[in-house]
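Peer 1: Have a look at this one.
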Amino acid sequence: MKTPLSWITEYVDVPDHVTTEELTARLTMTGLKLEGIHSPGAEIAGPLVVGRVLTMEPEPQKNGKTINWCTVDVGPELNAAHGTGEAGRGVGIVCGAHNFAPGDLVAVVLPGGVLPGGFEISARKTYGHVSSGMICSAAELGLGEDHDGIIVLPSGSGEPGQDVRPLLGLDEEIIEFEVNPDRAYALSLRGIAREVLVSVPGATGFRDPAIRDTPEANDEGHPVVVEDPVGCPVFVARTVTGFDPSAPTPEFIAQRITAAGMRPISLAVDVTNYVMLETGRPIHGYDADRLQGPIVVRRARAGERLTTLDGTARTLSEEDLVVTDDSGIIGLGGVMGGETTEMSATTTRVLVEAAHWDATAMFRTGRRHKITSEAGKRNERGVDATICEAAADRVVELLTTYGGGQAEPGVTVVGTPPPMPVITVAADRAARVSGLDISEERAVEALRAVGCEVSGTGTLHVVPPPWRHDLTDPQDTTEEVVRLVGYDTIPSVLPKAPGGRGLTRSQLLRRRIGRTMAGAGYVEVVTFPFVGEADLDALGLDEDDPRRTTLRLSNPLNSETPGMTTTLLPALLRTAARNVGLGTTSVAIFEAAPVTLPRATAPAPILPVDRRPTDAELDALTKALPDQPLHLGVVATGEAESAGWWGDGRPVAWSDAVDAARVVAEALGLELTTRPADTAPWHPGRCAALLLGDVLVGHAGELHPRVCSAFGIPPRSVAAEVDLDVLLEHAVHLRPSPSFSTYPVAKEDVALVVDEHVPAADVEAALREGAGELLESIRLFDVYTGEQVGEGKKSLAFALRFRAPDRTLKEGEASAARDAAVRLAAERTGAVQR
Amino acid sequence: MSGPNTEYDPVEVTPLKADEVEAMREAAVAAIAAATDLESLKVVRLEHVGDRSPLALANREIGALPPQARKDAGQRVGQARGAVNKALAQRQVELEAEHEERMLVEETVDVTLPTNRARRGSRHPITLQSELIADIFVAMGWEIAEGPVVEAEWLNFDALNLGPDHPARTMQDTFWTEPADHHVVLRTQTSPVQARTMLTRRPPIYVACPGRVFRTDEYDATHSPMFHQVEGLVVDEGITMAHLKGSLDHLASQLFGDGIDTRFRPSYFPFTEPSAEVDVRCFVCRGLDSASCRTCRGEGWIEWGGCGVVNPRVLVACGVDPETYSGFAFGMGIDRSFMFRHDLEDLRPLFEGDVRFSSAFGSEI
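Chains A and B, in that order, are what the protein sequence lines are. Residue numbers for the first sequence follow our numbering, beginning at 686 and rising by one. Residue numbers for the second sequence follow our numbering, beginning at 207 and rising by one.
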């Protein structure tokens, strides 16, 4: 809400010593936040004065244009300074506009002046004359978009040479407030002035623009029938006849509605907007001559259509409130009028509608038809229902004053304002809630200051004023009292929480995972969880891969990525590519974030809010949501160890990705096993399924070459994705202390030749089992392929360590265990000892 | 080799003569002193102390002497061998020390060479800041609550006094999921976690809820469709706005420095009433020299978040008796807090994943 300060002080007196900054600071602290103080003339500098046009000579030009060569009196001093005109009486100015005549007062900027946009004025030769300045249009002064002609000031409004800024409101301070959605009343000067009264110390003399003597309702006005008094409790109609549609809008109205961000259109339209800003009550004007028969207000019938003022043809819903006449629907009540009865340049009879509409219906209609308008904004948030007659009368007054018409005697008033609720509230509630010492007297005083009727002691019965639809509950009156006593007086007291349990185990472990990954050389990133078909195609997922089934958004920001991702990898691969593109050739990144796995569900119920839902209802809510397991995604490319003075670097390998998963599992006290897998987006021969016992927890390995190329990262990049929820669930807790034998160790090495397709893990498992309980550890220390073992074979070299917990091993015990191990490995995997 | 010597007259055994023994000793000691390194000392040892060294051979002759002469000769040879061994040991120590000293000098490296062979990892600054904030609350005895980001509409809106026709629903631009009649959204705030907490636990409740939230904001320097919030909720007997102020002042001073406090301005949120905008005192200029301050842009205060007294309607919907309990709630952007705490003008680096950005923060902020 933007308004000139001078408009506010038209309705309330503020002591002279209160500066604009102090005034707006007080309003900010009571809830009307200052967004900014603007001055329309801030960009204008230098001499901008009143000029009287002395002579104007039309001079047709070769280009078909006719310019006016004018002499303008800008006062003796400026005439002397810039006077190149005849007989030293004025300055010579070339002007392209024609909407003025000799004798008119105009706004003149003289050489040395600067207009908005940094436009510097100097005397210059044009069309065969030296033009010593410019006669200004409203647009040139930043006062709107009207380029049609120059500004003609009302006669007698100033003397030549006088600064024109005050006359045009260019020196005004325009204050912009942020109005919270509950305070619709502050979308009016009436409401803002009232806030000044209650907020600014010393402010007095509130003059309510909505209190005025209005003529009695009678039967002579335009007939109106309201079929839906719930949707439209009050409908007031007045008519002005003999109106001059060409009458200009008075400067003060044009300036004020421009300051408020509206465009002056015509006197009739501008007046309705002006009164809306003044009182908060939206007004609609009809061309009364285009109305056919009585006005009927009703709900629309399904499928009915209306072309609104904005030229949009709309299909209406049964919930929409419409205004009709014999011709059909002529307006979407309270939201936007229709084309057929729109006021135009030929309108001489105006029907003024001031109606109160149901706020919820307004909100729904506005949302349904995607209409946002100044009227709709006020109607859907709640307007004072008691001021319809006053607002209509004010419009009639302004139309007849400035448009030369007459008010017709008919005054149509249908319906009565709905009553305001009675709020029953403990008198000490504000004190209890705020922690402030607020007496009952102070609380009552505050409520009365904002217009409430208050009765009772101990327990207060509060009737809010009709403009305060936001006051319905005890907490609403509480907020009123506390904000007027002052939020800045609330003391600071730290509450004493009972002894807490600290972070949960899961929270601690997730931090540990993050630190572990950072310690292992990976950089954490945060990505958006949105995914599209192109991403999933780039991963090379099969048509029936479950990761292709995403939860889709109805309103994605980007239509290319309408789904909630099922895997962290696409975003990580894009991130890796971005880093490579930025010249970081070795990248190792991770993210721990939830993915969204849809499942067939019933809809989430919309539960009541007047009680706690039952456990069954809550269960239904939970069951309606997709699975959202926490995943760990890892991507690495380039070098795992960099080249340097120490020698060559080591490129990342499939094993780095597997190890990243293992390092995280180990941080949780878990051991992962692997087995070969063929899963997108990995290389079919270099992908490990990661297992915790028998449970598949993820995959890791080298990426498929096509995936690398699809995402634009170097070949042989690696990745892993792990379901952290499963790991967290099994994380080892309360591990018993281990004990270690101090007897001598016996070491045995074996080299076993197996078929190259036999997984080393299988051979190791067989050795482990066959070696029995004396085996302390086993480690694969070499893999050899080549002539010595033959084609299609590989040699696996294992170091076995044997030790007994309670004695030194006897001669031959270790070798016997080793032999048993080799036998089982041979039996299980076809291994042959070299 | 040992055994009685019967071949010649023992009295005439030359090597046992005093001057001969003395010469042998002197030769040995001189050779030891002349050894310049451990290798040459080894040769000297063989020559003068070994089994075939003159003194060793002389020693062997002693047995051939008549008994009355043995004592004298034995003493003479013994003393000489002792002196040689001592000299040898001493020289050994000297040469070992010299050798070690030389070796250490030779092994000198250029310790200014780079050492960053292994990759350096780091955590994301927003994660770190979330953890920092969580720790502040945990230190106050609060707990950290969490919930799903894909959330039921009822928990994101209705339970929080945002009914279907509440104008405030249009304040928040919500991502809706398909099908629309399933009433599932991407949470627009972490408030549903508060609702979940109240629905599953009995007061006293002291929780903070950090997490990801989503709004349909176009991605630019100050907006992101995904960002991070932390909300706080306290429900207990006798809770007032003063407790809210105290908690936020404490958070502000922990996060931004001693003496940094907050101020409240009246505002509107459906889930709280009274409601307030909370501003934090500018921790750069402290409001003392605001005019030139970039951080608060001359305000002295920085808009931080929203807060208020939990609306009793919310308590009722979440099964808390508003006659017995009252509460407060607040929420602020973690990303936004990070931006002004760390002088970041454009939030996009937080979500672009340029490893140089996260790496700059390491594992502590």
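Glycine included, C-beta positions come from ideal geometry on N, C-alpha and C. Note that the structure is predicted; figures quoted are calculated from it, not measured.
#1: To the nearest angstrom, report how far apart residue 765 (chain A) and residue 758 (chain A) are at their CA atoms.
#2: Got a sec? Which residues, its chain only, sit under 8 angstroms from residue 1435 (chain A) by beta carbon, not counting five neighbours each side?
#3: Run down chain B in chain order and give the residues with a C-beta less than 7 angstroms from the C-beta of residue 1192 (chain A).
#4: Taking 8 angstroms as the threshold (beta carbon to beta carbon), is residue 336 (chain B) in contact with chain A?
#5: May I have the straight-line CA-CA distance separating residue 453 (chain B) from residue 327 (chain B), to the nearest angstrom?
#6: Could one say the Cβ of residue 470 (chain B) lies closer than 8 angstroms to chain A's Cβ atoms, at least one of them?
#7: Using the C-alpha atoms, what's the distance from residue 816 (chain A) back to residue 810 (chain A)?
#8: Since residue 1309 (chain A) contacts residue 388 (chain B) with CB under 8 angstroms, what's their CB separation in whole angstroms?
#9: Just to confirm the assignment, what range does the alpha helix (DSSP H) spanning residue 334 (chain B) have?
#10: Among A:926, A:909, A:944, which one has its Cα closest to the Cα of residue 919 (chain A)?
#11: Rounded to whole angstroms, what is the Cα-Cα separation between residue 1024 (chain A) and residue 1046 (chain A)?
#12: Which bits of chain A does residue 361 (chain B) rub up against, with CB to CB less than 7 angstroms?
#13: For residue 1440 (chain A) versus residue 1477 (chain A), is the C-beta distance shorter than 8 angstroms?
#14: Judging by CA-CA distance, which residue of A:886, A:862, A:1091 is the nearest neighbour of residue 876 (chain A)?
#15: Rounded to the nearest angstrom, what separates residue 1396 (chain A) and residue 1055 (chain A) at their Cα positions?
#16: Check the Cβ-Cβ distances between residue 538 (chain B) and every residue of chain E, and say whether any is below 8 angstroms.
#17: Along the chain, where does the alpha helix (DSSP H) that runs through residue 254 (chain B) open and close?
#18: Are there three or more Cβ pairs, one per stretch, closer than 8 angstroms when the region 1348 to 1355 of chain A is compared with the region 1279 to 1295 of chain A?
#19: What are the start and end residues of the alpha helix (DSSP H) that includes residue 954 (chain A)?
#20: What separation, rounded to the nearest whole angstrom, lies between the Cα atoms of residue 449 (chain B) and residue 1112 (chain A)?
#21: Going along the region 318 to 335 of chain B in order, which residues come within less than 8 angstroms of chain A, judged by CB to CB distance?
#22: Quick one: which unbroken beta strand (DSSP E) runs of 3-plus residues sit fully inside the region 1068 to 1126 of chain A? Chain order, please.
#23: Roughly how far, in whole angstroms, is the beta-carbon of residue 925 (chain A) from the beta-carbon of residue 1085 (chain A), given that I think they are within contact range, below 8 angstroms?
#24: Check whether the Cβ atoms of residue 1578 (chain A) and residue 848 (chain A) sit closer than 8 angstroms, and answer yes or no.
#25: At the level of alpha carbons, what is the spacing between residue 996 (chain A) and residue 368 (chain B)?
#26: Can you check whether the C-beta of residue 865 (chain A) is within less than 8 angstroms of a C-beta belonging to chain B?
#27: Under 8 angstroms, CB to CB, which of the residues in the region 455 to 485 of chain B have a partner in chain A?
#28: What residues are listed by DSSP as bridge partners for residue 1409 (chain A)?
#29: Measure the alpha-carbon distance for residue 837 (chain A) versus residue 695 (chain A) and round it to whole angstroms.
#30: Verify the CB distance criterion: does residue 512 (chain B) have a CB-CB separation below 8 angstroms to chain A?
#31: For residue 412 (chain B), which residues does DSSP report across the bridge?
#32: Assign residue 698 (chain A) to one of three DSSP states: helix, strand, or coil.
#33: Tell me which residues of the region 954 to 983 of chain A have at least one Cβ-Cβ distance to chain B shorter than 9 angstroms, keeping chain order.
#34: Provide the residue(s) that pair with residue 430 (chain B) in DSSP beta bridges, ordered along the chain.
#35: At least one CB of chain B closer than 8 angstroms to the CB of residue 913 (chain A): is that the case?
#36: Please go through the same chain and pick out, in chain order, the residues whose beta-carbon is closer than 7 angstroms to the beta-carbon of residue 700 (chain A), but skip the five residues on each side of it.
Peer 2: According to the structure shown:
#1: Cα-Cα distance, rounded: 10 angstroms.
#2: 1452, 1482, 1483, 1485, 1503, 1506, 1507, 1518
#3: 350
#4: no
#5: 35 angstroms
#6: yes
#7: 6 angstroms
#8: 6 angstroms
#9: 331 to 345
#10: A:909
#11: 22 angstroms
#12: 1306
#13: Between residue 1440 (chain A) and residue 1477 (chain A), the CB-CB gap stays under 8 angstroms.
#14: Closest option to residue 876 (chain A), Cα to Cα, is A:862.
#15: 40 angstroms
#16: Chain labels in this structure do not include chain E; the protein chains are A and B.
#17: 244 to 254
#18: no
#19: 952 to 964
#20: Looking at the two C-alpha atoms, the distance is approximately 21 angstroms.
#21: Considering only beta carbons, the part of the region 318 to 335 of chain B lying closer than 8 angstroms to chain A consists of 319, 320, 322, 323, 324, 325, 326, 327, 328, 329, 330, 332, 333, in chain order.
#22: 1091 to 1099, 1108 to 1111
#23: The pair is a contact, with the Cβ atoms about 6 angstroms apart (cut-off 8 angstroms).
#24: As displayed, chain A neither begins before 686 nor continues past 1519, which places residue 1578 (chain A) out of reach and without an answer.
#25: 33 angstroms
#26: yes
#27: 455, 456, 467, 469, 470, 471, 472, 473, 474, 479, 480, 481, 482, 483
#28: Among the bridge pairs identified by DSSP, residue 1409 (chain A) is matched with none.
#29: 26 angstroms
#30: no
#31: Looking at the DSSP assignment, residue 412 (chain B) forms a beta bridge with B:440.
#32: Correct three-state label for residue 698 (chain A): strand.
#33: none
#34: Paired residue(s): none; residue 430 (chain B) is not in a bridge.
#35: no
#36: 887, listed in sequence order.
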